[in-house]
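Right, one structure below, let's go through it.
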Amino acid sequence: MGGGLMHTLAFYMLAGVTLAAATGVVFKRNLVHSAFLLSVTFLGVAGLYMTLEAQFLAAVQALVYSGAVAVLVVIGVMLTQRENMSQSNPPNAMVAAGGFAALTIVGVLVWAILATPWKTGKGAVVSVADIGRRFLTDFAPPFEAIA
């Protein structure tokens, strides 16, 4: 993709959907809804990888996280389902402490992002075929050990 207006709009739209779904995961009271929103979050991240021209990472994100992890979470929720699903995520007394901790972490992250001198050069273009070739030649033993 180029760096035009449509590319920028696609990035911001996907970022908005991803953030909204991730927020829904945290604040939904129903665990099944949270699990499905987690899958939407994973797919949104895969879309963000596509806008950043990282097709291999997008494919891995969609297959591994949306396809496997989200399904595993849904199965786990279904197997441990309570009779009264509306109380599956009861209110917690530590909301204020959690909110303070979250705001502190966000503040530190914003400070780190603004204080870091970022390099803006374009990196080398690596195709999915090159990654596959390297996996099956130079990195075959560690790839097989991890698999």
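Note that the sequence shown covers residues 0 to 146 in numbering that gives the first Met the number 0.
All residues carry an ideal CB built from backbone N, CA and C; glycine is no exception.
(request) Look at the Cβ atom of A148, then the Cβ atom of T40, and state whether they are nearer than 8 Å. (result) Since the first residue shown for the chain is 0 and the last is 146, residue 148 is missing from the structure and cannot be characterised.
(request) Buried or exposed for F35, please, with buried defined as at least 16 other CB atoms from any protein chain shown within 10 angstroms of its CB. (result) buried
(message) On the criterion of 16 or more Cβ atoms from any shown chain inside 10 Å, does Y48 qualify as buried, or is it exposed?
(response) buried
(request) Pull up the distance between the alpha-carbon of S33 and that of A101, whole angstroms please. (result) 19 Å
(request) Please report the residue range of the alpha helix (DSSP H) in which V150 lies. (result) Nothing can be reported for residue 150, as the shown portion of the chain is limited to 0 through 146.
(request) Tell me whether V107 is buried or exposed, calling it buried when 16 or more other Cβ atoms sit within 10 Å of its Cβ. (result) exposed
(request) Check whether the Cβ atoms of A69 and S38 sit closer than 8 Å, and answer yes or no. (result) yes
(message) Please state whether the Cβ-Cβ distance between V76 and L30 is less than 8 Å.
(response) yes
(request) Return the residue from the list L8, A123, I145 and G120 that minimises the CA-CA distance to T50. (result) L8
(request) Along the alpha helix (DSSP H) that carries T103, what are the first and last residues, could you check? (result) V94 to A114
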